[in-house]
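Residue numbers (full-length UniProt numbering), protein chains in the order written: chain A, 1 to 193; chain B, 1 to 193; chain C, 1 to 193; chain D, 1 to 193. The structure appears below as structure tokens.
Protein chains: 4
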Amino acid sequence: MKRDKPKYRQIIDAAVVVFAENGYHQAQVSKIAKQAGVADGTIYLYFKSKEEILIQMFQEKMSVFVTNLKEILKEDNSAAEKLYKMVENHFNVLYSDKLLATVTQLELRQSNKEIRLRINEVLKEYLSLLDEILIEGRKNGEFDEGMDVRLARQMVFGTIDETITTWVMNDQKYNLMDLAPKVYKLLLNGMRA
Amino acid sequence: MKRDKPKYRQIIDAAVVVFAENGYHQAQVSKIAKQAGVADGTIYLYFKSKEEILIQMFQEKMSVFVTNLKEILKEDNSAAEKLYKMVENHFNVLYSDKLLATVTQLELRQSNKEIRLRINEVLKEYLSLLDEILIEGRKNGEFDEGMDVRLARQMVFGTIDETITTWVMNDQKYNLMDLAPKVYKLLLNGMRA
Amino acid sequence: MKRDKPKYRQIIDAAVVVFAENGYHQAQVSKIAKQAGVADGTIYLYFKSKEEILIQMFQEKMSVFVTNLKEILKEDNSAAEKLYKMVENHFNVLYSDKLLATVTQLELRQSNKEIRLRINEVLKEYLSLLDEILIEGRKNGEFDEGMDVRLARQMVFGTIDETITTWVMNDQKYNLMDLAPKVYKLLLNGMRA
Amino acid sequence: MKRDKPKYRQIIDAAVVVFAENGYHQAQVSKIAKQAGVADGTIYLYFKSKEEILIQMFQEKMSVFVTNLKEILKEDNSAAEKLYKMVENHFNVLYSDKLLATVTQLELRQSNKEIRLRINEVLKEYLSLLDEILIEGRKNGEFDEGMDVRLARQMVFGTIDETITTWVMNDQKYNLMDLAPKVYKLLLNGMRA
DNA sequence: TATGAATGAGTCTTCATTCAT
DNA sequence: CATGAATGAAGACTCATTCAT
Chain A
1 MKRDKPKYRQ IIDAAVVVFA ENGYHQAQVS KIAKQAGVAD GTIYLYFKSK EEILIQMFQE
61 KMSVFVTNLK EILKEDNSAA EKLYKMVENH FNVLYSDKLL ATVTQLELRQ SNKEIRLRIN
121 EVLKEYLSLL DEILIEGRKN GEFDEGMDVR LARQMVFGTI DETITTWVMN DQKYNLMDLA
181 PKVYKLLLNG MRA
Chain B
1 MKRDKPKYRQ IIDAAVVVFA ENGYHQAQVS KIAKQAGVAD GTIYLYFKSK EEILIQMFQE
61 KMSVFVTNLK EILKEDNSAA EKLYKMVENH FNVLYSDKLL ATVTQLELRQ SNKEIRLRIN
121 EVLKEYLSLL DEILIEGRKN GEFDEGMDVR LARQMVFGTI DETITTWVMN DQKYNLMDLA
181 PKVYKLLLNG MRA
Chain C
1 MKRDKPKYRQ IIDAAVVVFA ENGYHQAQVS KIAKQAGVAD GTIYLYFKSK EEILIQMFQE
61 KMSVFVTNLK EILKEDNSAA EKLYKMVENH FNVLYSDKLL ATVTQLELRQ SNKEIRLRIN
121 EVLKEYLSLL DEILIEGRKN GEFDEGMDVR LARQMVFGTI DETITTWVMN DQKYNLMDLA
181 PKVYKLLLNG MRA
Chain D
1 MKRDKPKYRQ IIDAAVVVFA ENGYHQAQVS KIAKQAGVAD GTIYLYFKSK EEILIQMFQE
61 KMSVFVTNLK EILKEDNSAA EKLYKMVENH FNVLYSDKLL ATVTQLELRQ SNKEIRLRIN
121 EVLKEYLSLL DEILIEGRKN GEFDEGMDVR LARQMVFGTI DETITTWVMN DQKYNLMDLA
181 PKVYKLLLNG MRA
């Protein structure tokens with residue numbers, strides 16, 4: 001399996017650094033290769049194209065969000081508590097890896113429509129897990145029974161996303177983690193019965 | 001004044017079409033010129049660069065949002081009602097001009113960081129007006145007095161933005177306007193005292 | 001006659017300024033028009049093309065050299081004295097009009113081969129007058145009777161030209177006129193019997 | 001070292017041909033690439049820009065003049081003999097490579113001021129060696145002790161340059177080498193004590 | 001005569017990808 | 001597996017010239 005080989009990881013990690021430091025359009029394959037310590041051509045032994053690096057990088061990194069969220073879902077907590085942990089986790093992953101935050105919130109979005117559609121595919125699993133929380137909360141009366149799950153999910157994700165993007169655009173100069181409880185409270189109110 | 005000349009408008013309108021149909025990076029200046037019915041060089045009599053077309057187009061179109069929102073603020077209504085009208089207006093403007101919706105939600109974001117910073121400048125006026133609603137509602141007790149206005153604004157804008165982007169990504173195949181009251185209700189709950 | 005109309009002169013004078021200040025390749029027709037205080041299109045009522053401005057400008061300015069040199073030839077002096085006055089005049093004209101010096105020594109030479117051939121045509125009259133001095137001097141024994149007039153002319157003109165070009169390239173920071181007697185002496189020696 | 005690779009030389013040689021045949025402004029990079037038998041992009045693996053080709057080409061070719069002149073200076077000859085050999089060498093190098101003569105005397109000068117300043121830098125070494133001859137001759141009494149070396153150098157170089165340029169402009173239709181002794185004699189007279 | 005808005009041909013350079021070694 | 005030299009397609013922008021007014 002290619003993904004387990006050390007060069008595969010080297011390249012993915014190099015891509016995060018190069019995208020964060022140079023922006024999407026200045027992230028040439030040769031820069032990524034240099035950062036990874038391999039030859040340009042070697043990239044193509046592991047990835048079909050430059051776009052593929054981007055997508056696989058996103059998949060790799062998203063898997064952390066998904067893995068963590070699955071753990072959160074397994075715990076014996078209320079839907080509200082799960083929601084809180086989900087928000088906190090989302091903030092925490094990007095707060096802990098500021099390069100990654102820059103890449104996901106800014107640079108990645110400069111890719112073309114087709115890539116972003118594929119990125120959205122990757123996001124879907126994460127959003128489904130979020131839906132599970134929302135459905136559970138609606139069923140057990142924590143959230144409003146008339147709540148539209150799809151819209152609620154868009155509110156949760158849209159709010160989180162906007163909050164983090166603003167933080168990144170402001171050069172990450174305030175403490176993102178301080179916002180987690182406040183964002184949670186706002187969102188919870190929105191959905192409460 | 002260049003902005004009042006017919007060719008200026010022709011080019012702006014052509015740019016919306018070409019950006020929507022081809023995406024930012026496939027929107028060659030020659031395509032825009034052809035769509036506008038002018039020579040390539042004519043573009044540069046009205047715009048300093050291709051990027052400038054994008055920014056000016058955004059400014060022109062954003063001014064509709066701002067103008068409408070200013071009207072809404074003048075009316076003698078509760079903050080909640082103003083919020084409702086704001087959401088409805090935002091949805092309506094993009095629902096009424098589906099090409100524009102594609103451009104603002106998808107294509108515009110492919111531009112580089114610098115352009116997006118300038119676009120954000122334009123957005124600021126709109127977001128300030130939104131803040132006015134939120135502050136008014138907080139003051140008169142409609143919204144929670146402990147509410148963080150900046151976060152609330154990010155929730156409102158983030159939710160609206162995510163909702164519309166999802167609609168565009170789904171090829172605008174459902175009726176966006178149906179979502180306005182529901183989105184409003186979710187947001188209002190979030191902020192209610 | 002077009003040459004007598006005021007706009008013709010305005011444009012020629014503007015061209016000297018614009019060529020000197022911006023260099024040949026940055027001397028756009030629109031800049032010349034602006035400097036001359038006329039519309040772009042007006043240029044083409046007086047000149048067939050941009051190249052034509054250059055050539056006519058050179059002709060106009062060269063005529064000063066020629067007129068002065070004709071006066072010098074008429075005077076009742078030895079060939080050596082005429083040569084001295086010729087050198088002095090050449091230096092003086094360009095020393096007195098530093099913009100013109102920049103144009104003739106640097107900017108004009110950036111034009112293409114065809115233009116420079118036409119400029120050389122204009123130079124020919126001047127060089128023929130120089131030949132007259134050389135032939136006279138050779139005939140009356142002032143200069144070496146075995147002297148090749150064409151080569152001697154190339155020495156005289158080449159030396160003058162190189163001297164002035166060096167002065168211009170050094171930002172005209174020393175006094176060109178001080179060099180006239182020394183250059184004359186060098187050249188005279190070269191040709192003396 | 002890039003300069004030792006065969007493609008580097010191929011491109012330099014192709015550039016001489018293309019510049020000579022088409023002139024500076026009609027010497028498109030794609031023409032040079034075609035003439036060199038490489039892809040357009042390959043040019044940029046060896047040269048930073050089109051201008052850089054010009055400058056490096058000039059440096060490569062000028063080095064022949066300088067190398068030869070250094071040899072001449074080493075020989076145990078009078079300053080006058082060295083001057084003669086210098087003139088002869090200068091004529092001979094360009095007489096032997098008529099394409100190069102066209103490029104140095106005509107096409108190179110069409111480049112902009114900045115490039116010509118860099119070209120002048122390259123010339124300086126050559127002119128310093130010429131100065132050595134002149135100073136030596138002045139010291140040992142061969143040349144006039146009151147001679148201004150800078151002016152004498154400008155006479156020597158200006159005369160040579162003008163002679164060769166005239167020869168090139170006349171389509172190199174007479175034998176340049178025949179002029180060497182005559183030019184030498186003229187110059188020597190100019191400087192003789 | 002004079003204007004100046006409009007035209008559209010023309011080119012350097014970048015960089016993702018390939019392939020001979 | 002790994003290399004990195006070579007490829008070549010693609011596009012924003014300038015500016016001399018025209019022509020309707």
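Yeah, the Cβ is synthetic: ideal placement off N, Cα and C, and Gly gets one too. Since the model is a prediction, treat every value here as computed from it, not as a measurement.
Residue range of the alpha helix (DSSP H) that includes residue i
i, result
"B:V29", "29–36"
"residue 196 of chain C", "This structure cannot settle anything about residue 196 of chain C, because the visible part of chain C is limited to 1 through 193."
"C:S63", "50–74"
"C:D40", "40–46"
"D:K7", "6–22"
Sequence-distant residues of the same chain with beta carbon closer than 7 Å to residue i, five excluded per side
i, result
"D:A15", "I32, I53, M57"
"D:E136", "A79"
"B:V168", "A101, T102, Q105, L106"
Buried/exposed call for residue i, threshold 16 Cβ in 10 Å
i, result
"A:F142", "One point to set straight first is that residue 142 of chain A is Glu, not Phe, in the sequence displayed. Classification for A:E142: buried."
"C:L117", "exposed"
"residue 238 of chain C", "This structure gives no information on residue 238 of chain C, because the portion of chain C shown stretches from 1 to 193."
"C:K2", "exposed"
"A:M114", "According to the sequence shown, residue 114 of chain A is Glu rather than Met. So A:E114 counts as exposed."
"D:T102", "buried"
"A:E107", "buried"
"D:M147", "buried"
"A:K61", "buried"
"A:T166", "buried"
"A:A180", "buried"
"C:A20", "buried"
"B:A79", "buried"
Expected contact under 8 Å - CB spacing of residue i and residue j to nearest Å
i, j, result
"B:L188", "B:L45", "About 48 Å separates the two Cβ atoms, so there is no contact after all."
"A:L73", "A:L129", "6 Å"
"B:G37", "B:Q10", "7 Å"
"D:E162", "C:Q154", "5 Å"
"B:R138", "B:E145", "6 Å"
"A:M86", "A:L100", "With a Cβ gap of about 18 Å, A:M86 and A:L100 do not count as contacting."
"D:V125", "D:V64", "Inspection of the sequence shows that residue 125 of chain D is occupied by Glu rather than by Val. Actually they do not touch by this definition, with Cβ atoms about 12 Å apart."
Own chain, CB closer than 8 Å to residue i, minus 5 neighbours either side, in chain order
i, result
"C:S111", "Y24, E51, L54, I119"
"D:G190", "A152, M155"
"B:R109", "R116"
Cut-off 6 Å between Cβ atoms - residues of its own chain near residue i, not counting five sequence neighbours on either side
i, result
"C:V18", "A27, K31, I32, Q35"
"A:K98", "Q172"
"A:H90", "I160"
"A:V122", "F58, Q59, M62"
"D:L176", "F91, Y95, W167"
Mind listing, in chain order, the continuous alpha helix (DSSP H) runs of no fewer than 4 residues lying wholly within the stretch 102–187 of chain A? 113–139, 149–169
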